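Undergrad:
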Amino acid sequence: MHFLYAVSHQINKKLLSVLNAKGDVVLLTDNPYLPGPEAAHADMQIADVSDELVFIKKGICDTFKEALGRTSKRAVESKQTLSGIQKYPDCCTHNILICGNYYFHRLDITDPDLKANLASKFFIPVNVRQGYSGCSSCYIDSLDLIITSDSSVAKASSGHSFNCLVIDKEITKNIILPGYDHGFIGGCMGYCRQTNELFVNGALSSTVPDLYALLRSAGITVYEVENEPLCDIGGIKCIVYK
């Protein structure tokens, strides 16, 4: 297996050095069609849904497309006609949360090609109010666990067989995302199911110690940035290819 990590250029340098030691890394630059604070966020632009295809938002940097072109995967770019910066929720077309054979999203805004592909692979759609489904949450495959800052994702997950851990509002309000009041927990993380590793842009052990202890006790390797606040950088996309 080979690993390609896509992440905002705003990633903490200590965490970046960890990723560089594990595979190829693309630092995403700003997408001209996304709002400034999230313009380089991976979870706003990339939906990695199969062994063959990666769905990407129009305007994603050429560096990522070139890197993906060197892998066994093919990029499918959105067909949206865009002329300027999109506002919420229209900017969130690719910000889905995949959990097993389900995906959570505000389905009226999901990119049509992405939605059709998920349907062809028999993914079950779960409609939620949150356009930022992906960056509000993180799915840990080995525990069948959704970690989320969003109440609508938590409520929807209760209708299915997922474990769900809701991050306390007092913690969420202290997640840094310049330009907004706060960020989300999913935007601080990236999980690689093939290696059972979680990458965290900030200190999880001191910020959410119960979650950190749960993950470690389950054998999940957690890479964090000690003594640093949690910072939402739009998650870390781990693209695995042969």
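Each step along the sequence shown adds one to the number in the working numbering, with nothing skipped, and position 161 is 532.
Idealized CB from N, CA, C, for every residue including glycine.
These figures come from a predicted structure and were not determined experimentally.
1. How is the beta strand (DSSP E) around Arg441 delimited, first residue to last?
2. Output yes or no for whether 9 Å exceeds the beta carbon distance between Pro460 and Ile480.
3. State the CB to CB distance for the pair Asn466 and Ser504, rounded to an integer number of angstroms; the pair is presumed to be in contact (CB under 8 Å).
4. Looking only at C-alpha atoms, which of Val579, Ile456 and Leu585 sits nearest to Ala411?
5. Per the contact definition of three or more C-beta pairs closer than 8 Å, is the region 535 to 554 in contact with the region 485 to 494?
6. What does a CB cutoff of less than 8 Å around Val537 pick up in its chain, not counting 5 residues either side in sequence?
7. If I follow the unbroken alpha helix (DSSP H) through Ser507, where does it start and stop?
8. Please list the segments of the alpha helix (DSSP H) lying wholly inside the region 478 to 565, counting only runs of 4 or more residues, in order along the chain.
9. Assign Ile556 to buried or exposed, taking buried as 16 or more other Cβ atoms, counted over all protein chains shown, within 10 Å of its Cβ.
10. Below 8 Å CB to CB, which residues in the same chain sit around Ser508 once its five sequence neighbours on both sides are set aside?
11. What does a CB cutoff of less than 6 Å around Ile604 pick up in its chain, not counting 5 residues either side in sequence?
12. Tell whether a beta-carbon distance below 9 Å holds between Asp395 and Leu375.
13. Suppose you measure from the CA of Arg500 to the CA of Arg477; what does that come to, to the nearest Å?
14. Using a Cβ-Cβ cutoff of less than 8 Å, which residues in the same chain neighbour Asp484 once the five nearest sequence positions on both sides are dropped?
15. Return the Cβ separation of Met415 and Glu409 in integer angstroms, given the expectation that the two are a contact with Cβ distance under 8 Å.
TA: Put simply:
1. Boundaries for Arg441: no beta strand (DSSP E) harbours it, and the DSSP string shows neither H nor E there.
2. Their beta carbons are under 9 Å apart, which means Pro460 touches Ile480 by this criterion.
3. Their Cβ separation, rounded to whole angstroms, is 6 Å, which keeps Asn466 and Ser504 in contact under 8 Å.
4. Of Val579, Ile456 and Leu585, the residue nearest in Cα terms is Ile456.
5. Too few Cβ pairs lie closer than 8 Å, so no.
6. Here the set comprises Thr519, Ser520, Ser522 and Ala525.
7. Residue range Ser504 to Ser507 is occupied by the alpha helix (DSSP H) that includes Ser507.
8. Whole alpha helix (DSSP H) segments, 4+ residues: 483 to 491, 504 to 507, 522 to 528 and 540 to 543.
9. Around the Cβ of Ile556, a 10 Å sphere holds 16 or more other Cβ atoms; the residue is buried.
10. Taken in chain order, the residues that qualify are Leu468, Phe475, Ile517, Ile518, Thr519, Ser520, Asp521, Val524, Phe555, Ile556 and Gly557.
11. Excluding residues within five positions, the ones whose Cβ falls inside 6 Å are Ser379, Gln381, Ile382 and Asn572.
12. Yes, Cβ-Cβ distance for Asp395 and Leu375 is below 9 Å.
13. Their Cα atoms are separated by approximately 6 Å.
14. The answer, listed in chain order, is Phe426, Val447, Ser449 and Lys450.
15. The beta-carbon separation of Met415 and Glu409, rounded to 5 Å, stays under the 8 Å limit for a contact.
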